[in-house]
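Numbering (this note's numbering), first residue to last: 2 to 707.
Heads up, the beta-carbon is just placed ideally off N, CA and C, and yes, glycines get one too.
Small disclaimer: the values here were computed from a predicted structure and weren't measured.
Notes follow the structure.
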Ligand SMILES: [Ca+2]
Ligand SMILES: [Ca+2]
Ligand SMILES: [Ca+2]
């Protein structure tokens, strides 16, 4: 199903849903449409997110990017937190020897248990803008070549070859919204709305770029006549962008800066992000050029996926046009499992999921998880808050997506590190502080989603000042930034003039342990997650191994004292062994397990008995309106406690039944955008031993959109 166009938040229509029973459907036909719950190609992975410039310097000769002269020319100043520090691809690659404990490159990342690496954009940058350099990679001039500060094409190829030999996936951070800032306007940078100065073709006709987002046509534009501003490029930046078509100033919106605070909607998409040249992403030439240029990194080097920077600032139609081109390139390069996740900084799951689905993004970074997990680890949010977060997971379900594919994280290079939040938002110090850091990572690794650890968190880096942005991008190698030498570390003393690679920390040990748990118990990585308990300081959930028919319980306690909870499970009368923390327990005849979780820590339990064989399944479906999102909520009721899976089906008049999403965790739900007319809805339950049943169909007026 295609969600197609962006949806309007809130209630689109005031009509109430009315539904009536329609005759029994041909059950066999419906049951054939049942599908397993989707798993993203990265659902079982764990990511290490690394800023290449700050990881390891493998070649001091490239530290000035081949330039000479002042820092304004070279961008290199390892004593300032806003400039290049010398880390590079050769350093990140290392010797590629997993048997060598002194190899601090990719082999170290592998030893920590990671299965994937996400690196900051490795492309040619505008070296310095204002009073900062492009060490972070988000100011590209040329995306067809690596930044010479980071290395050569041969070094990028060696990096990829090493990652492949170690079994590590590589995701590139890519920017499609903007390039570096080289265009300026004699009229100044203040944003001019479309209402005041519409786009015009070269011939002077007013047009809306959004009306050219289905085909390949786009009007010819004129630098002088088409824009709110007069785009101007200084001599030294003429012709430096790659691919070459990005040198044409008519491929940008040229409307001035996003005016933060007063700007919503279209202005956030057409405005320049802090002066960065905002691409006319509606123009098929731009779509194609970005697909070809970024696609070449898949074809030439075999990268496994993209992280999509500033996705919400790109026009709403772009990803639906561009990602299929990228996927075609990946498939042709023998990478059918290539996938992407977008950066959409919304902390509300209803809003985030709506944008993910409307813009046809396969996944997004889970900012709502970050906020709630961080608040839980600091003791500010209850177990109930975590339960409420996961209760919104069904918003992400579509035929191709769900919450299991979200990339989850605790902090990042923009907002700051989890260590900063823990040290500034709690009174904890010493061992209790370390335990809170471990608890945060337990939650990251043992609940649904794809964990992303920000480099340096594993050695307990924190941060100083406001803890964000430049203050959150510490060196792993011996640092020359004085504030970073003195900064608090969780679990170890300040690093001083030493190297973080010489540290051996409790957080690293825990990450290895958690990765090993996920590897030997796949349910903990990609198994169905059923929230079971969320009260006071405790959150608990079941993870289900659908192959082995085995249930696990993961439980977390953020209090400074031990806490107990009576956790419902689907596995009665069984001993449960403890894989992490806590003690062995037994479930009673109703499946209840009394779990005691020590202070600031976690427990993982595994049932000795398999899930009991379920009886004959049955299912019913109902339809309501979700007043948070205005979407239709389809809810299926399945008696019993079996961890079954439900596929929801919709049929338009004279159409066939179509699967609109599969849910493997109670409550069974999908949410659909509002539409018009009538439709029939049904659902098929598949229990853990493969028995199926379908729900009596309902006819719904004012039907879910298809
Ligand atoms: Ca270097
Ligand atoms: Ca934009
Ligand atoms: Ca559900």
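| Check | Outcome |
| --- | --- |
| Using three-state DSSP, classify residue 63 as helix, strand or coil. | helix |
| Measure the alpha-carbon distance for residue 20 versus residue 34 and round it to whole angstroms. | 22 Å |
| Expressed to the nearest angstrom, what Euclidean distance is found between the alpha-carbon atoms of residue 641 and residue 438? | 38 Å |
| Residue 377 to residue 202, Cα distance in whole Å? | 53 Å |
| Return yes when at least one heavy atom of ligand 2 lies under 7 Å from the C-beta of residue 178, else no. | yes |
| Taking the alpha carbon of residue 532 as the point to measure from, which residue in 473, 389, 510 and 441 has its own alpha carbon closest? | 389 |
| Under 7 Å: does the beta carbon of residue 270 sit that close to some heavy atom of ligand 2? | yes |
| From residue 444 to residue 236, what does the alpha carbon distance come to, in whole angstroms? | 52 Å |
| Look at the alpha carbon of residue 340 and the alpha carbon of residue 589, and state the distance between them as a whole number of angstroms. | 43 Å |
| Tell me, please, which residues DSSP counts as bridged to residue 623. | 636 |
| Opposite residue 1 in the DSSP bridges: which residues? | Residue coverage of the chain in this structure runs from 2 to 707, which leaves residue 1 outside it and unanswerable. |
| Is residue 61 near ligand 1, judged by its Cβ being under 7 Å from some heavy atom? | yes |
| For residue 154, count the other beta carbons within 10 Å of its own beta carbon; 16 or more makes it buried, fewer makes it exposed. Which is it? | exposed |
| Mind checking whether the beta-carbon of residue 64 lies closer than 7 Å to any heavy atom of ligand 1? | yes |
| List, from N- to C-terminal side, the alpha helix (DSSP H) runs of 4 residues or more that fit wholly inside the segment 461-515. | 483-487 |
| Enumerate in chain order the residues of its own chain whose CB-to-CB distance from residue 233 is below 6 Å, with the five nearest sequence positions on each side excluded. | 185 |
| Measure from the alpha carbon of residue 653 to the alpha carbon of each residue in 646, 647 and 661, then state which is nearest. | 661 |
| What do you reckon, is the C-beta of residue 315 under 7 Å from a heavy atom of ligand 2? | yes |
| Given this structure, state the Cα-to-Cα distance separating residue 501 from residue 77, to the nearest angstrom. | 21 Å |
| Quick test of your reading: residue 433 and residue 561, contact by CB under 8 Å. State the CB separation rounded to the nearest angstrom. | 7 Å |
| Whole angstroms is fine: what's the gap from residue 68's alpha carbon to residue 563's? | 58 Å |
| For residue 509 and residue 449, what's the separation of their Cα atoms in angstroms? | 21 Å |
| Any idea which residues DSSP pairs residue 660 with across the strands? | 650 |
| I'd like to confirm something about residue 649: is its beta-carbon nearer than 7 Å to some heavy atom of ligand 3, or not? | no |
| Under the DSSP definition of a beta bridge, which residues are partnered with residue 170? | 117 |
| Residue 302 lies in the alpha helix (DSSP H); which residues open and close that run? | 285-302 |
| Cβ-heavy atom distance between residue 279 and ligand 2 below 7 Å? | yes |
| Helix, strand or coil for residue 536? Go by DSSP, reduced to three states. | strand |
| Can you check which of these residues, 254, 460, 369 and 60, is closest to residue 408 by C-alpha distance? | 369 |
| Less than 7 Å between C-beta atoms, sequence neighbours within five positions excluded: which residues of the same chain meet that for residue 246? | 252, 286 and 290 |
| When every heavy atom of ligand 1 is checked, does at least one fall within less than 7 Å of the C-beta of residue 148? | no |
| State yes or no: is the C-beta of residue 618 within less than 8 Å of the C-beta of residue 513? | no |
| Please determine whether the Cβ atom of residue 348 lies at a distance below 7 Å from any heavy atom of ligand 2. | no |
| Please list, following the chain, all residues that have a C-beta closer than 7 Å to any non-hydrogen atom of ligand 3. | 394, 395, 664, 666, 667, 668, 669 and 670 |
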